[in-house]
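Chemist:
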Amino acid sequence: MRNKKLLSRRIVLASAAGAACVAALPLIGAGPPLAASPAPRLRRGGSIHTMMNWADVEPGDPQRYAWPPFSTPHFNIGAGLLRAYRQCGLDHIRMTIDSGPFLQADPEQLKQANQILLERCRQILAEDLQVVVDFHPTQQVERFGPERIVANETGALFKAYVVVLASVAEAMKELDPTRVALELMNEPPYGYDGFTAARWRRMLSAMHRAIRQVNPALPLVISGAAGGGIPGLLSLQPSDFNDPNLFWSFHYYDPHVFTHQGVVTSQSNMLYFRYLSGLAWPADRTNVQAVTTLIAAKIDVDPRPPIADRERLKQEAFDAVEQYEKSKFSEDRIRADFGKVEAWARDNGIASERIYLGEFGIMRETPEQPGAKSHDREAWMRAIRASAERRGFGWALWDINDTQMGLVEQRNRLPLHDGTLSALGLSSRPPRQTTP
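Here's what the structure looks like:
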């Protein structure tokens, strides 16, 4: 059953202020062009999902964040790990921010949360890394989940979200705008048809205009609808913003069944993914018989699924493997997809360095977890990186502090993973110490 707690006092108080930021501004159609401002050059980066996300909740109330957020030791990132990222060749960190604690906060707590954010930014900047502050709503506290934020463009929760972004943007005036950027929302779970995609454009415009009222110089990262993929980006109209100080983001995990093989999720339509392994790259190298035999054996010995569900899981997995092999997905498809983004940028007069592949990644097989074989994983990553860099796009690998798709051999610890470094064209010279 869904939690039916009332919206926080923060949201109620924000409604009036949000109305001023949203209703009083034109939602589509920009004003006079903004002057170009210096901005970071985002070439090679990685997301860190552990510094300001999945905040602690109250011990007796899992639907309320503990305060202050992100204050316990497991949110800390050692300077040694950040330094290794810089030494291997990364130039920026995309730091994910759970918007929930900010939405729950009262006005004084919001100031405190902003200061925590600034402290984390300064920690990264001190290691000669630029920072993308990525507002990244999660479902941890249901009432602040991403679907609820975007459900109603005139609702109290979205208005509160706009107010939070404006507050963060104002706080970020303390930072050098040539070294930071603010991403308005990660993978908006919205806009999978023309009507709602147009509504997402209006919501983006509301966020953009509210931020520009308080911080005209801050570089912003804009994502399209439909989960922030290529179709969402192509549906955007840059003329809605008339702003040269924007980065245009898309995420790429195609083919999903290959990049997410072995992932454990509670999504009912993806339960079989945990049994997938051995899918090869390119797709037509996959040995369907061998892979499906292994999947069947895994499901048969797993005590968790009810016996009645096992045949269904097998069939779903078998169908996915067969469809993947028949797709013939290869580097040619990646080039074609990235070519669509390149053409969109050219048609809209957007410089290639303002296109940002904000996430990509693939599960890595280890003794502890299933995933893609090393040579297949690294070949796919190399193809993604090459397709982006050939066009001048910047990129950020997903969740570099984790072993599943990231850059480390152990979660939140050195050493970095040599095969991943090689696939990304990064240096393997940083010392292989085993502490952050």
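With the first letter of the sequence shown counted as 1, position 130 gets the number 110 in the working numbering; the numbers rise by one all the way through. Ideal Cβ positions, reconstructed from N, Cα and C, are used throughout, including at glycine. Bear in mind the structure is a predicted one, so any value in this text is a computation, not a measurement.
Expressed to the nearest angstrom, what Euclidean distance is found between the alpha-carbon atoms of glutamate 150 and isoleucine 191?
Modeler: 8 Å
Chemist: Could you tell me if threonine 400 is buried or exposed, where buried requires 16 or more neighbouring beta carbons within 10 angstroms of its beta carbon?
Modeler: Counting Cβ neighbours within 10 Å, threonine 400 comes out buried, since at least 16 surround it.
Chemist: At the level of alpha carbons, what is the spacing between asparagine 166 and alanine 19?
Modeler: 20 Å
Chemist: Exposed or buried, what is proline 81 when buried is set at 16 or more other beta-carbons lying within 10 Å of its beta-carbon?
Modeler: buried
Chemist: According to DSSP, simplified to helix, strand and coil, what is tyrosine 232?
Modeler: strand
Chemist: Specify whether the stretch 52 to 70 and the stretch 100 to 113 touch according to this definition: at least 3 beta carbon pairs, one from each stretch, less than 8 Å apart.
Modeler: yes
Chemist: Check whether the Cβ atoms of aspartate 259 and glutamine 241 sit closer than 7 Å, and answer yes or no.
Modeler: For the record, residue 259 in the displayed sequence is leucine; it is not aspartate. For leucine 259 and glutamine 241, yes; Cβs fall inside 7 Å.
Chemist: Count the other CB atoms, across all protein chains shown, that sit within 10 Å of the CB of aspartate 264; report buried if there are 16 or more and exposed otherwise.
Modeler: exposed
Chemist: Where does asparagine 249 land, buried or exposed, given buried means 16+ other C-beta within 10 angstroms?
Modeler: Within a 10 Å sphere around the beta-carbon of asparagine 249 sit fewer than 16 other beta-carbons, which makes this residue exposed.
Chemist: Quick check on the burial criterion: 16 or more other C-beta atoms within 10 angstroms. Buried or exposed for glutamate 305?
Modeler: buried
Chemist: If you measure from the beta carbon of glutamate 133 to each beta carbon in chain B, is any gap under 7 Å?
Modeler: In the displayed structure, chain B is absent; only one protein chain is listed.
Chemist: Alpha carbon to alpha carbon, how far is aspartate 317 from lysine 139?
Modeler: 35 Å
Chemist: My guess is that alanine 206 and tyrosine 172 are in contact by the Cβ rule of under 8 Å, so how many angstroms apart are they, rounded?
Modeler: Right, the Cβ-Cβ distance comes to about 5 Å (below 8 Å), so this counts as a contact.
Chemist: How about glycine 469 and isoleucine 380: do their beta carbons lie closer than 7 Å?
Modeler: Shown here, the chain extends from -19 to 416; a query on residue 469 therefore has no answer.
Chemist: If you draw a straight line from the C-alpha of proline 224 to the C-alpha of alanine 276, how long is it?
Modeler: 53 Å
Chemist: Taking the runs of the alpha helix (DSSP H) that are 4 residues or longer, which of them lie wholly in the stretch 225 to 276?
Modeler: Runs found: 236 to 239.
Chemist: Pull up the distance between the alpha-carbon of leucine 61 and that of isoleucine 364, whole angstroms please.
Modeler: 25 Å
Chemist: Between the C-alpha atoms of asparagine 33 and aspartate 114, what's the straight-line distance to the nearest angstrom?
Modeler: 10 Å
Chemist: How is the beta strand (DSSP E) around glutamine 120 delimited, first residue to last?
Modeler: Glutamine 120 -> no beta strand (DSSP E), and no H or E assigned at all.
Chemist: Based on the DSSP secondary-structure assignment, which residues constitute the bridge partners of histidine 72?
Modeler: Gly25, Gln110
Chemist: Thinking C-alpha only, which one of Trp180, Leu256, Gly174 is nearest glutamate 302?
Modeler: Leu256
Chemist: To test your reading of the DSSP string, which unbroken alpha helix (DSSP H) runs of 4 or more residues are found completely within the stretch 308 to 352?
Modeler: 311 to 327
Chemist: Under 8 Å Cβ to Cβ from asparagine 132, same chain only, skipping five residues before and after it: list those, please.
Modeler: Phe138
Chemist: Specify the secondary structure class of tyrosine 45 as computed by DSSP and reduced to three states.
Modeler: strand
Chemist: Alpha carbon to alpha carbon, what distance is there between arginine 391 and aspartate 398?
Modeler: Their backbone Cα atoms lie some 15 Å apart in a straight line.
Chemist: Run through the DSSP bridge pairs and tell me what arginine 393 is partnered with.
Modeler: Gln390
Chemist: How long is the line joining the alpha carbons of glutamine 84 and valine 268, rounded to whole angstroms?
Modeler: 49 Å
Chemist: Taking serine 185 as part of the beta strand (DSSP E), name the residues at either end of that continuous run.
Modeler: Premise fails: serine 185 lies in the alpha helix (DSSP H), 174 to 194, not in any beta strand (DSSP E).
Chemist: List the residues that DSSP assigns as beta-bridge partners of tryptophan 375.
Modeler: Arg24, Leu337
Chemist: Within its chain, find whatever has a CB closer than 6 Å to the CB of aspartate 78; leave out the 5 residues flanking it on each side and keep chain order.
Modeler: Asn33, Ala35, Thr118
Chemist: Does the beta-carbon of alanine 59 have 16 or more other beta-carbons within 10 angstroms, so that it is buried, or is it exposed?
Modeler: exposed
Chemist: At which residues does the beta strand (DSSP E) containing leucine 200 begin and terminate?
Modeler: 200 to 203
Chemist: How would you label glutamine 217, buried or exposed, when you count the other beta carbons within 10 angstroms and need 16 or more for buried?
Modeler: exposed
Chemist: Roughly how many angstroms lie between the CA atoms of alanine 300 and phenylalanine 238, to the nearest whole one?
Modeler: 10 Å
Chemist: Can you tell me which of Tyr141, Asp156, Gln89, Leu213 puts its alpha carbon nearest to the alpha carbon of leucine 105?
Modeler: The shortest C-alpha separation from leucine 105 is found at Asp156.
Chemist: Distance, Cα to Cα, serine 407 vs alanine 366?
Modeler: 16 Å
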